[in-house]
Amino acid sequence: MTKNSGNDSKFQMAHRILDIGVSEILVIGARAKELKAQGRPVIELGAGEPDFDTPDNIKNAAIEAIKRGESKYTALTGTPALKKAIQIKFARDNDLHFDSNQIIASTGAKQVLFNAFMATLQAGDEVIIPTPYWTSYADIVSLCGGIPVLIPCSAENGFRLQADELEKAITENTKWLLLNSPSNPTGAAYSREAYQPILDVLLDHEQVWLLTDDIYEHIVYNDFEFVTPAQIEPKLKSRTLTVNGVSKAYAMTGWRIGYAGGPVKLIKAMSVIQSQSTSCPSSISQAAAVEALTGPQDILMERRDSFQSRRDLVVDTLNAIDGINCPVPEGAFYTFASCEGIINRKTPSGEVISSDRDFCRLLLEEASISVVPGSAFGVSPFFRISYATSKSELEEALKRISTFVSQLS
Ligand SMILES: Cc1ncc(COP(=O)(O)O)c(C=O)c1O
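And the structure:
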């Protein structure tokens with residue numbers, strides 16, 4: 109994180125954003141683009157979005173909505189058609205049955221998170237976030253006046269939170285536990301068996317609510333069965349917010365539609381926040397999301413298979429490099445590999461790699477490959493590769509990483 113200084117003599121920013129950083133991922137992306145503009149053959153493995161295009165049936169649904177003149181404000185929490193589509197999706201995929209007033213559609217899952225924390229956190233309330241984590245979580249919690257409580261999860265435990273770690277972290281101020289499965293950045297996912305002990309802990313702490321970010325739900329590999337807590341522990345449903353969106357599954361990051369199902373009072377409070385920020389999500393994007401959620405779903409399998417073959421390529425190649433150790437992720441389109449074995453090695457020009465940040469910086473400057481250091485997700489020394497890029501680019505990138513590492517001494 110690059111902290112804001114807030115020092116400009118004429119401009120004074122609000123205290124609430126002084127500690128909010130500009131994401132390291134964006135900083136790396138900007139440097140990669142700068143090098144590209146200078147003619148360097150940079151391959152970017154930093155971005156967190158699918159390389160696929162939005163499917164045609166979804167685009168056409170949006171075009172039809174434009175033609176029908178659906179260009180006005182919609183109902184605050186989503187059009188009746190979208191809410192119906194979300195109900196269908198939750199019932200079909202997750203065996204979760206929500207009434208219309210238990211659902212909210214927002215401008216991306218990110219706005220859902222923002223609404224939820226803004227609507228519920230009092231100063232001093234704590235939100236438990238297992239790490240490595242998507243750093244926006246902690247920043248959103250802080251912006252909403254809460255305190256992020258980070259629990260490091262080890263590679264040995266598959267980067268998954270353990271019940272005893274959760275039990276220790278809960279205090280009387282704990283308001284939420286935030287879980288993300290499959291995870292950005294590790295790709296780790298919770299099976300039924302992995303979830304249950306955590307949910308058992310929550311059953312003993314009635315003041316703690318659970319927010320699950322399921323945005324990578326459809327990107328899971330082999331025989332892994334995706335499950336979500338409200339589905340497997342109905343006793344927690346009255347204090348669980350199940351968050352999802354169309355960005356990753358349907359390659360719709362720019363359309364900005366996320367949604368959630370949860371208890372009526374919470375959804376109502378979230379809608380108050382939304383009413384004074386964006387009102388409703390884009391009417392055209394909502395029409396597109398209806399088609400995404402209720403149209404043909406076979407594209408999800410095809411794309412998942414494509415991601416899986418790329419995951420296998422990346423994991424196998426990285427593990428063949430001396431000094432790198434890459435666990436096999438259950439889902440999402442990221443690998444989160446340890447570069448511990450490379451720390452303290454020297455480049456041919458004599459520079460010592462003393463952190464994952466150094467490793468990633470030098471990889472970009474010397475091999476024109478952009479990846480993100482684990483430090484950006486709260487855990488070192490690791491690096492995240494987003495393999496949502498073409499196989500030929502991935503092969504070239506992996507070759508360069510391998511050559512770069514082989515030249516270290
Ligand atoms: C874990 C996670 N949750 C949520 C989001 C944001 O999703 P949306 O595009 O719906 O705001 C992202 C985007 O990178 C993500 O990685």
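Going by the numbering used here, the first residue of the sequence shown is number 109, and it counts up by one from there.
Cβ coordinates follow ideal geometry from the N, Cα and C atoms, glycine included.
Cutoff 6 Å; reference Ser383; Cβ partners in own chain excluding five residues on either side: If the five residues before and after Ser383 are omitted, its C-beta is found closer than 6 Å to the C-beta atoms of Leu184, all from its own chain and listed in chain order.
With three or more beta-carbon pairs closer than 8 Å as the criterion, would you say the segment 352-361 touches the segment 297-310? The segment 352-361 and the segment 297-310 do not touch, with fewer than 3 CB-CB distances between them shorter than 8 Å.
Cβ-heavy atom distance between Gly186 and ligand 1 below 7 Å? For ligand 1, not one heavy atom lies less than 7 Å from the Cβ of Gly186.
Looking at the secondary structure, which residues open and close the beta strand (DSSP E) in which Asp127 lies? It is not in any beta strand (DSSP E) - Asp127 carries neither H nor E in the DSSP assignment.
Specify whether the segment 316-323 and the segment 272-288 touch according to this definition: at least 3 beta carbon pairs, one from each stretch, less than 8 Å apart. Counting Cβ pairs under 8 Å, three or more are found: they touch.
From Glu325, Ser385, Lys454, residue whose alpha carbon lies closest to that of Leu516: Of the candidates Glu325, Ser385, Lys454, the one whose C-alpha sits nearest the C-alpha of Leu516 is Lys454.
Buried or exposed (CB count within 10 angstroms, at least 16 for buried), Val479: Around the CB of Val479, 16 or more other CB atoms lie within 10 Å, so the residue is classed as buried.
Where does Ser446 fall in DSSP's three states? Under the three-state reduction of DSSP, Ser446 is assigned to strand.
Secondary structure, alpha helix (DSSP H): runs of 4+ residues fully inside the segment 194-272: Taking only runs of at least 4 residues, the alpha helix (DSSP H) segments lying wholly in the segment 194-272 are 217-228, 244-251.
In three-state DSSP terms, what is Glu142? DSSP places Glu142 in the helix class (H, G or I) of the three-state scheme.
Please return the same chain residues whose Cβ sits closer than 8 Å to the Cβ of Ile248, not counting the five positions on each side in sequence. Within the same chain, Ile248 has close Cβ partners Lys218, Leu221, Phe222, Phe225.
For Leu311 and Gly254, what's the separation of their Cα atoms in angstroms? If I take the Cα positions, the gap works out to 22 Å.
Measuring straight from C-alpha to C-alpha, what distance separates Thr110 and Ala246? Because the pLDDT of Thr110 is 49, which lies under 50, any placement of that residue in the model is unreliable, and the number read from its coordinates should be weighed accordingly. Each residue's Cα considered, the two are about 14 Å apart.
Around the C-beta of Thr511, are 16 or more other C-beta atoms found within 10 angstroms, so that it is buried, or is it exposed? Around the beta carbon of Thr511, fewer than 16 other beta carbons lie within 10 angstroms, which makes this residue exposed.
For Thr110, does the three-state DSSP call read helix, strand or coil? Legend: pLDDT at Thr110 = 49, less than 50; position of this residue unreliable, no value from coordinates given.
Any heavy atom of ligand 1 closer than 7 Å to the beta-carbon of Ser289? Ser289 Cβ: outside cutoff for every heavy atom of ligand 1.
Distance, Cα to Cα, Ser414 vs Gly156? Cα to Cα, Ser414 sits roughly 16 Å from Gly156.
I'd like the list of long-range same chain contacts for Pro293, defined as Cβ closer than 6 Å, with 5 residues on each side in sequence excluded. A distance below 6 Å between beta-carbons, with the five flanking residues on each side excluded, links Pro293 to the following residues of its chain, in chain order: Pro240, Tyr442, Phe444, Phe485, Arg492.
Can you list every residue whose CB sits closer than 6 Å to some heavy atom of ligand 1, going in chain order? Listed by position along the chain, the residues with Cβ atoms less than 6 Å from a non-hydrogen atom of ligand 1 are Gly156, Gly216, Ala217, Lys218, Trp242, Asn288, Asn292, Asp321, Ile323, Gly353, Ser355, Thr361, Gly366.
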